[in-house]
Amino acid sequence: MIIGRIAIRTHIVTVQDDIVEVVHKYTGQIVEPGDVITVAESVVAITQGRAILPETVRTGLLARFLCRFPGKDGSLATPQAMQLAIEETGTLRILLGLTAAGLGRMLGRRGDFYRVAGRHLTLIDDVAGTMWPFHRHIILGPKEPQKIVEKIKAVTGAEAVIVDVNDTRNVDILAASKDLDRKALIKDLEDNPFGNDDQQTPIVILRMDK
Amino acid sequence: MSSRKLSRITNIWSKVVKGEGGKIFSRIVIEATETFEPVIRNRNGGVLLKADGVVPNMPEGSIEVNDGLVREVLLNQAGPGLTEVSVHLHHPAEWRMEVAEGIPFRTIITLDRSFISELFQGRIIVIDPGHGGEDTGARGPVNLVEKNVVLPISLNLKELFEQAGAQVILTRSKDEKVSFKSRATVARDAGADLFISVHTYSNSDSKVGGTAVLYANSCRESLEAAVLVKEELVKKLKLADRGFKERKKHYLLQGVPDIEVEVVTITNWVEEGLLRSPTIHKKAAEGIFNGVKNYFAAAAQRHEVLL
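This is the structure:
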């Protein structure tokens, strides 16, 4: 059972940082055996250079055409975000996804696009106005999250997870070191202990009852 | 030195909260790994907290707050195992401190925002959300329309002004067409101290973006209000500064300070995206509120000098 949640404020993490080093620097003196270190997926992505300014994206004809189809309030409604999605998953898979979505819609079913084109595309966050200086960036999902949690565990000795948490109580665990009970964790993270926008606390240590 | 484990400050955050009786406070919370005994006193019109046996775990330096009362919180290590947290204020304020045991251990500084309430006491502010009904205003590259985004910003702003004790009149509170003339009549009849139109900018070039404030030549104070509001809005939104300029058409409210805020540029790909998130509605309202607060503070200061 969780008995405390320690939000860790860091410097502004950028592509110059190594995420494992950042976690080690800020939690090294604090973690105790049995703790779980949770890291926000967007910050992992930022260190991997996956925060992208929309004006630097060269959009192709296909992206400009396809961005008319997904939900307008979703993350792929701009040509820039669609272009990045195409680059992430390949033209063929995007087209298959849109075909599946079209067929699904006729059957009254939702979510077929991501089922076919790839779950990782749900991690693309369109500009959100939060996390300055990345408030004007499109942020892609992190690469190789499982490798990162294992490295964090190796250097800190604590269990680690990478999560996508937002204010609408959606918790998505992207990767967790092996012994964790994912279901219990999702419940513990539902109220978004990372805070939102400008709190700059991309790491939260969960202290467990021992 | 005791053998006790050093406490580490892991986070400092702040929030404007409503207390008993609807009074409004700024709350600053300092979170640390272990219990310690903070010593606190007034310094330079602000508050200084000293903590022995404590080191920063987070970066030292400034945390920008800008909530109208608190400008910033500064964290620094003053010596081995000695940490200082200083709170810098825009206006004088009474404060109290309490601690809460737990993981993390919290030190809570609560500051009274009465100075701000006094500035807004008896003030009548008209907020004018642009467009409405069949008059949609500008349109973003994907699908947002101006009339729908200026309303939530205006409602957020209304809440902030009312919380501070002002009387607020909206020229529209739903999606309806309101004539130019009746918007002006509302302000005139109310005897408003300030008239604020809320709009977004539009440009045929979808790369152009940013924030601007326009002013009417209804009276000298319009320009002053525009300058102060723009400054605070740019600080909050951190978008390009498109400056301030005189508005060509205006509501002819002789003697009533009259400004038009172009919060963001809706025709910009990125800024339309920003408008989807309630975060920007809230931040825009906070920026406008801070600017108006500064405008009333400057007026109060002038008044004092005259007396």
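In order, the protein sequences belong to chains A and B.
Read in our numbering, the first sequence has 110 at position 110, and its numbers run on one by one without any break.
Adding 1000 to a residue's 1-based position in the second sequence gives its number in our numbering.
Glycine residues also receive a C-beta, built at the ideal position from the N, C-alpha and C atoms.
CB residue i to CB residue j, shorter than 8 Å?
i	j	result
residue 1197 of chain B	residue 1261 of chain B	yes
residue 1214 of chain B	residue 1195 of chain B	no
residue 1297 of chain B	residue 1119 of chain B	yes
residue 134 of chain A	residue 165 of chain A	no
residue 1153 of chain B	residue 1263 of chain B	yes
residue 1181 of chain B	residue 1134 of chain B	no
residue 207 of chain A	residue 12 of chain A	no
residue 9 of chain A	residue 1010 of chain B	yes
residue 81 of chain A	residue 138 of chain A	yes
residue 1141 of chain B	residue 1269 of chain B	yes
residue 31 of chain A	residue 157 of chain A	yes
residue 63 of chain A	residue 83 of chain A	yes
residue 1077 of chain B	residue 1055 of chain B	yes
residue 1193 of chain B	residue 1276 of chain B	no
residue 1289 of chain B	residue 1068 of chain B	yes
Run through chain D and tell me which residues come within less than 7 Å of residue i, C-beta to C-beta.
i	result
residue 1069 of chain B	Among the protein chains of the structure shown, namely A and B, there is no chain D.
Excluding sequence positions up to five away, which residues of its chain have a Cβ less than 6 Å from the Cβ of residue i?
i	result
residue 1002 of chain B	Only weak support exists for where residue 1002 of chain B lies, its pLDDT of 47 falling under 50; the value from the coordinates is given anyway. For residue 1002 of chain B, where only same-chain residues beyond five positions count, there are no Cβ hits under 6 Å.
residue 1255 of chain B	1219
residue 213 of chain A	No answer is possible for residue 213 of chain A: it lies beyond the span of chain A, which begins at 1 and ends at 210.
residue 185 of chain A	none
residue 1131 of chain B	1137, 1146, 1147
residue 29 of chain A	none
residue 1295 of chain B	1225, 1228
residue 1221 of chain B	1257
residue 1074 of chain B	1062, 1086
residue 6 of chain A	205
At a CB-CB cut-off below 7 Å, which residues of chain B make contact with residue i?
i	result
residue 77 of chain A	1142
residue 47 of chain A	What residue 47 of chain A touches in chain B: nothing, since even the nearest Cβ is about 17 Å away.
residue 135 of chain A	1238
residue 83 of chain A	Those do not exist, as residue 83 of chain A stays about 12 Å from chain B at its closest Cβ, beyond 7 Å.
residue 23 of chain A	Within chain B, no residue comes near residue 23 of chain A; the closest Cβ sits about 13 Å away, beyond 7 Å.
residue 201 of chain A	1011
residue 126 of chain A	1273
residue 105 of chain A	Chain B residues near residue 105 of chain A: none, gap ~18 Å exceeds 7 Å.
residue 50 of chain A	By Cβ distance, chain B contributes nothing, its closest Cβ being about 17 Å from residue 50 of chain A, past 7 Å.
With DSSP as the reference, please indicate the residues paired to residue i in a beta bridge.
i	result
residue 127 of chain A	Residue 127 of chain A is not bridged to any residue.
residue 1077 of chain B	B/1083
residue 152 of chain A	Bridge partners of residue 152 of chain A: none, in fact.
residue 4 of chain A	A/207
residue 1215 of chain B	B/1246, B/1259
residue 1129 of chain B	B/1198
residue 1046 of chain B	B/1043
residue 172 of chain A	A/164
residue 1241 of chain B	B/1211
By Cβ distance below 8 Å, which residues in the same chain neighbour residue i in space, the five residues on each side in sequence not counted?
i	result
residue 120 of chain A	88, 89, 141
residue 1070 of chain B	1014, 1026, 1028, 1087, 1088, 1089, 1090, 1111
residue 1226 of chain B	1213, 1214, 1215, 1244, 1259
residue 1094 of chain B	1111, 1112, 1114
residue 1092 of chain B	1045, 1115
Below 9 Å on C-beta distance, what does residue i contact in chain A?
i	result
residue 1031 of chain B	6, 7, 9
residue 1092 of chain B	By Cβ distance, chain A contributes nothing, its closest Cβ being about 26 Å from residue 1092 of chain B, past 9 Å.
residue 1080 of chain B	Within chain A, no residue comes near residue 1080 of chain B; the closest Cβ sits about 15 Å away, beyond 9 Å.
residue 1108 of chain B	Under the 9 Å cutoff, chain A gives no residues; its nearest Cβ is about 15 Å from residue 1108 of chain B.
Using the beta-carbon of each residue, which ones in chain A are nearer than 8 Å to residue i?
i	result
residue 1150 of chain B	Near residue 1150 of chain B there are no residues of chain A at all, since even the closest Cβ is about 16 Å away, more than 8 Å.
residue 1207 of chain B	55
residue 1280 of chain B	129
Could you pull out every residue in the same chain whose Cβ sits closer than 7 Å to the Cβ of residue i, ignoring the five residues on either side in sequence?
i	result
residue 149 of chain A	160, 161, 162, 175, 176, 177
residue 1168 of chain B	1125, 1127, 1158, 1161, 1162
residue 1057 of chain B	1008, 1009, 1010
Got a sec: does the ligand FAD put a non-hydrogen atom nearer than 7 Å to the Cβ of residue i?
i	result
residue 23 of chain A	The ligand content of the structure shown is nil, which means the ligand FAD is not present either.
Residues of chain B with a CB under 8 Å from the CB of residue i: which are they?
i	result
residue 3 of chain A	1103
residue 72 of chain A	1142, 1143
Please list the partners that residue i has in chain A, where partner means a Cβ-to-Cβ separation under 7 Å.
i	result
residue 1125 of chain B	Chain A residues near residue 1125 of chain B: none, gap ~25 Å exceeds 7 Å.
residue 1269 of chain B	54, 78, 80
residue 1276 of chain B	73
residue 1083 of chain B	Within 7 Å Cβ-Cβ: nothing; residue 1083 of chain B doesn't reach chain A, min ~14 Å.
Closer than 9 Å by beta-carbon distance: list the chain B residues that pair up with residue i, in chain order.
i	result
residue 30 of chain A	1008, 1010, 1033, 1057
residue 114 of chain A	None at all; the shortest Cβ gap to chain B is about 19 Å.
Three Cβ pairs or more, each shorter than 8 Å: is that satisfied between the region 36-53 of chain A and the region 142-155 of chain A? yes
So, do the region 1102-1122 of chain B and the region 1024-1034 of chain B have three or more beta carbon pairs nearer to each other than 8 Å? yes
Are the region 1177-1191 of chain B and the region 1226-1239 of chain B touching, with three or more C-beta to C-beta distances below 8 Å? no
Can you find at least 3 beta carbon pairs, one from the region 123-139 of chain A and one from the region 31-38 of chain A, that sit closer than 8 Å? no
Is there contact here, the region 1280-1298 of chain B with the region 1227-1236 of chain B, by at least three beta-carbon pairs under 8 Å? yes
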